[in-house]
Structures are given as C-alpha cells and as structure tokens.
Amino acid sequence: MRTFRLVVSVDIKAPVEMIYDILSDLESYPKMFRYLHDIRVVRRGETEAVANVHEDMFGILRVWVLTKFRFEKPTKVMVEQIRGPFVKAIGWFQLEAKNGGWTTLTHGAELIAEGALGHLGILFLKTGEARRRMTQEVLAVKRRAESDL
Numbered sequence: 004m005r006t007f008r009l010v011v012s013v014d015i016k017a018p019v020e021m022i023y024d025i026l027s028d029l030e031s032y033p034k035m036f037r038y039l040h041d042i043r044v045v046r047r048g049e050t051e052a053v054a055n056v057h058e059d060m061f062g063i064l065r066v067w068v069l070t071k072f073r074f075e076k077p078t079k080v081m082v083e084q085i086r087g088p089f090v091k092a093i094g095w096f097q098l099e100a101k102n103g104g105w106t107t108l109t110h111g112a113e114l115i116a117e118g119a120l121g122h123l124g125i126l127f128l129k130t131g132e133a134r135r136r137m138t139q140e141v142l143a144v145k146r147r148a149e150s151d152l
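The opening position of the sequence shown corresponds to residue 4 in this note's numbering, with each subsequent residue numbered one higher.
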C-alpha cells in the first residue's frame with residue numbers, strides 16, 4: 004500500500020463565510036472543478052451530505068465515487084470516500100480568517116492505494132498533476148469568491 008498526502012493554500016480576498024458557502028454548494032462543484040463531471044446528492048443534513056461523484060481519475064478513466072461531505076461551519080469541509088477506487092481517500096478545505104476581509108484556504112488530501120492504483124498514484128504525484136489539480140481547485144474557489152464580491 005502507498006500513502007499520498009498533499010496540501011496547497013491560497014489567500015482569497017473574501018470573508019470566511021462566503022468561501023464556506025461556496026464550498027457547501029456541492030451542486031456547483033462540476034462547474035468549478037474541471038475534472039468533476041456530475042454530482043448527485045443522495046442525502047443532505049445540516050452537518051453532512053452523501054453524494055455520488057463522477058470524476059476523472061488521473062486523467063485516464065472516469066469513476067463514480069460515493070462520497071461523504073462533513074460541514075464544520077464556518078471553517079472546514081471534509082470530503083471522504085465511502086466507496087471508490089482507493090483503500091482510503093480523505094480531503095479537506097480549511098478556512099482561516101485574516102485581517103482586512105481576507106481568508107486563507109488550505110486544501111489537503113490523503114490517499115491510500117494499492118496495486119495498479121498505487122503505481123498510478125506514484126506516477127500521478129511524480130508528474131505534479133495531483134498538486135496542479137488541487138491548486139486549480141483552490142484557484143477556482145478564489146475566482147468564484149472574488150468575482151461574487
């Protein structure tokens with residue numbers, strides 16, 4: 004088994020609450036994140052949601068992943084694979100308020116894979132594509148938040 008962990012951050016000129024609202028709007032994810040093709044919310048409560056997410060994996064295949072989202076208003080959104088291609092997959096968006104109405108958005112992910120997926124995961128990390136994808140995600144949130152001001 005192989006474990007992968009990545010973290011990227013960006014400063015956004017928007018308040019924490021606004022960014023949290025963007026991250027809580029699951030249905031908008033396919034519009035923001037280019038590798039997501041569809042998201043179908045199965046159930047939603049005040050602090051969590053479960054959805055089927057159709058996404059590109061490593062840019063070579065598309066998979067449906069049953070995913071749990073946990074909302075810790077107003078500073079965190081956790082994303083965890085329930086059923087999908089990895090042994091374990093957890094991601095998070097952490098929000099930290101800064102002076103002057105700025106927010107630092109930190110996006111992290113931890114994946115555990117084995118077999119062919121573990122090998123692909125190493126290749127994916129070596130090419131820098133995983134970091135690029137995560138960077139694109141935080142920049143997409145930044146663009147949306149700053150354009151909504």
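Using N, Cα and C, we set each Cβ at its ideal position, and we do this for glycine too.
In this chain, the beta strand (DSSP E) harbouring K79 covers K79 to R86. Bridge partners of I115 according to DSSP: T6 and K91. Three or more Cβ pairs drawn from the region 134 to 147 and the region 33 to 43 lie within less than 8 Å of each other, which places the two stretches in contact. When C-alpha distances from K76 are compared across T70, G48, K91 and V56, the shortest belongs to G48.
In this model, S31 and R147 are separated by some 11 Å (Cα to Cα). For I42, the secondary structure class from DSSP, reduced to helix, strand or coil, is strand.
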